[in-house]
Amino acid sequence: MIIFSPTAGIKFFSCLVQLVIFSRISGYNLDTKSPIFYESSPGNYFGYSVALHRNRDGPMVLIGAPRANSSVLGNQLHEPGVIYRCEIANYSTCSEVILDRKGNTQSDRGNDFSYYDKKDNMWLGVSLDVQQNGGQNDIVACGHLWKNQFYRQHYLTNGVCYVIDRELDPNSVTKLVPFVDKSKQSLQSKIYYYAFGQVGTSATYSEDGKHLLLGAPGFYDWTGTVVNYPINYTRFYDQYRDPIISDPPVDQNPESYIGYSITSGKFYDNNEMYAAVGAPRDGDSHGRVFIFKPTKSPSNKLLVHQKKEGTQFGEYFGAAVLGVNLNGDRYTDLLVGAPFSSSDSGGDEGKVYVYISNGMGLQLFAELFGENKPNARFGSAIANLGDLNQDGYNDVAIGAPYEDKNGAVYIYHGSSVGINVQYVQKISASSISSTLSGFGIQISRGLDIDSNQYPDMLVGAYASSNAVLFRAQPVIQLFAKLTFSPKQINTNVTACEFQGENVTCVNVTACLWYAGKHVPLYLEFENDLFVEHPSLTNLVTPRGFFHRSNKAVHSVKQKMNLSIGITECIREVLYIRPDIKDVITPIQLLYRYNLTEPKEKNVGFNKHFPIIDPASPTNITSAITFQTGCGKDDKCLSNLVVKAEIIDKHKLIPVIIGKVSTITISIKIVNLGEPAYLSELLIYLPPEMPSINQDFCSTLNDQQNQRSNASLICELGNPLKKDSEV
């Protein structure tokens, strides 16, 4: 746990990190046993924005605290907001990213572009992003409540963003204030044009890295817009004349909040970059998402190529948006959060709409709900984690920051058809720490920070001033096979010896191998082999056994060292009990296997120790049949013909009890079909008529008699072969 010291110096903070070890909870390959906690002063909203970053100093986390006081500016400003950097490898220090060294000063830029800062309470860190593709990995951080002191005590909430290079060099900072043009603060004194634009409410670098897109939901009487900074690679940003500031689409209603969220992607087959921007109060408060080219149009209006609309009043459709290629084709797909979506029985459960692109347009594919818990606000944040399980498809994380009061994050896997609608992992705040709150308000883009080739994830928990780093473990797939030799049990062949007795036996071979990307070359597995495990049968005593130290055992355990892609096997002899009766029902064997836990499992996170893919079973069963002589299907179609007659002198007259002392009955059974196994003859006699000759038959006990109402049971042979007679 990182705790910022109140007596820290100007730049660096004294920190304490606690690498907390928890018992493993159910999940997939984001490790929840050893998360890294970052914590700041209560109430500064530390964790409201988060990002993972890497530069020449190595990997680090970036965390926005929009209500924090700056140690750089001291008492000059009240809660301007701060971006912090915290190291991964070196847990001893965190530092403030220096974006601005000045207090509230006047900037004379000439003509209509001069302004006077009001940086107090500007919420620096409301949005944060790191450039990914086609650029130089610059970082942008915004404060949407930055104010221009237009006149004395007359503040215009234009908003501000700061861009800093990947090395976080304070001398590289560029300050972006696209809405300071005095001539455009209002239109005809009736419409607030730039005045309360709140640029930077959302911020993202385009998928191709060539545009910096800033959402401004307060623009034009809170209709909203997107400010587009085309990026040139000379590291120069013109603060005043380079941005493309488009008016809202034609006939757009005020208070739509266009720019509340923003993403980008190549959604169509023309291979061009588009922006997708959320307007959660548009469409009669159902919410909309507009997709448009981030270029200047002749009419200076956003030219909408396609739009999507929510289905429920007030669900805030468009509060979060994410462009991501889910199915591995050429097109970017779109996820849209509606965190206030409500059911009849609850409220504010939230949901996420998933749209898949076919190149011609985006079509609704699925709706995701998490666990559909009241007040969860599932869909408040959506992040692209990259290929978390290395199956070739991008995976996503979705935040539900108020689920069960503390918050939760859900992980969904992409697939060849789009997305698997069942989440593969849920990380509940309460399962990590009882103090977390607002967990899932923001989630970082996935980035491998520990060099195991698997992307990791940072989650903000602003209400408790926390951020939590989760690291991904490698994923392996397991493949197993269970075979027998011979393939059937022949009880007439007794080729093995056990305790001085010749018995029937079968050779059993259990084989295992594993595969995976960026996984260890060698792994150890624990193997268990069971004969008629209780989970497979209700038999009290299994009909087969293994041999250990001259004793019969029904399971064996063995460790096995495997090399990736190489099959290894364990071989055992299965002995068949000599007194076996049921030679019809196959004998089932259970082969169970799992990774051997590393010896140092309690010392912390092991970035190389893999997780087994949930799609890979950790046990298999296989049944070996008996050689019955009943055809290829092993189904015995027997045909028993029964003939009974009285063979003494009384056979032609009624038998009167008391007059006759004995009666002899001849019963013949002939099997005209395939062998009959476990065949029995039940004879029903009056209670007053006991049997005398019991060479082949036995009297049923009271319990057996209650089940069948019969008196005698006669075994006919096991088996009674074809054309045999008894």
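Quick note on numbering: the sequence shown equals residues -27 to -1, 1 to 699 in mature numbering (1 follows the signal peptide of the UniProt record, and there is no 0). Built from N, CA and C at the ideal position, the CB exists for glycine as well.
For G256, the enclosing alpha helix (DSSP H) stretches over residues 255 to 258.
Take T467, set aside five residues on each side of it, and the residues of its chain with a beta-carbon closer than 7 Å to its own are N475, V476, T477, in chain order.
By DSSP's assignment, R27 forms a beta bridge with P32. As a beta-bridge residue in DSSP terms, M533 pairs with F498. Under DSSP, T147 shares a beta bridge with V136. For Y548, the enclosing beta strand (DSSP E) has its first and last residue at 541 to 549.
Approximately 6 Å separates the beta-carbon atoms of L563 and N592; this is inside 8 Å, confirming the contact. L149 has its alpha-carbon roughly 48 Å from the corresponding atom of A588. Here M333 is exposed, its C-beta having fewer than 16 other C-beta atoms within 10 Å.
A residue is called buried when at least 16 other Cβ atoms come within 10 angstroms of its Cβ; E505 meets this threshold and is buried. Listed in chain order, the beta strand (DSSP E) elements of length 3 or more contained wholly in the stretch 217 to 286 are 234 to 238, 247 to 252, 261 to 265, 277 to 282.
When secondary structure is reduced to three states using DSSP, F86 falls in the helix class. Counted as a single uninterrupted DSSP element, the beta strand (DSSP E) harbouring D102 occupies residues 97 to 103.
Bridge pairing for K524: R521 [DSSP].
Approximately 14 Å separates the beta-carbon atoms of Q446 and Y487; this is outside 8 Å, ruling out the contact. Nearest Cα to G419 within the set V297, I71, Y304: V297. V99 is positioned such that its CB atom lies no closer than 8 Å to that of E69.
Bridge pairing for Y167: absent [DSSP]. In this structure Y1 is buried. Its beta-carbon is surrounded by 16 or more other beta-carbon atoms within 10 angstroms. Under the criterion of beta carbons closer than 8 Å, M95 and E60 do not qualify as touching, at roughly 27 Å. The beta carbons of I584 and P559 sit about 34 Å from each other, so the pair does not count as a contact at 8 Å. Between E282 and the set N379, G291, L101, the nearest pair of CA atoms involves G291. When DSSP states are grouped into helix, strand and coil, S410 belongs to the coil group. Per DSSP, reduced to three states, the secondary structure at A649 is strand. For W195, the enclosing alpha helix (DSSP H) starts and ends at 192 to 195. Per the C-alpha coordinates, the member of T408, G538, Y18, M533 positioned closest to L494 is G538.
Pairwise C-beta distances place the stretch 647 to 663 in contact with the stretch 599 to 617, as three or more of them are shorter than 8 Å. Boundaries around S175 are those of the beta strand (DSSP E), 175 to 178, since no alpha helix (DSSP H) includes it. Relative to F498, the option among V481, A453, V479 whose CA is nearest is A453. Along the stretch 306 to 374, the beta strand (DSSP E) occurs as fully enclosed runs of 3 or more residues at 306 to 311, 324 to 330, 335 to 341, 354 to 359, 368 to 373, listed in sequence order. In summary, G372 is buried, with 16 or more beta-carbon neighbours lying within 10 Å of its beta-carbon over all protein chains present. In the DSSP assignment, I405 falls within the unbroken alpha helix (DSSP H) covering 402 to 405. Within the same chain, Cβ atoms closer than 7 Å to the Cβ of D154 are found at D85, F86, Y167, the five residues on either side in sequence being excluded. Around the Cβ of F669, a 10 Å sphere holds fewer than 16 other Cβ atoms; the residue is exposed. Assignment of beta-bridge partners to V55 by DSSP yields A38. Contact annotation, G16 with S438: C-beta distance approximately 7 Å; criterion of less than 8 Å satisfied.
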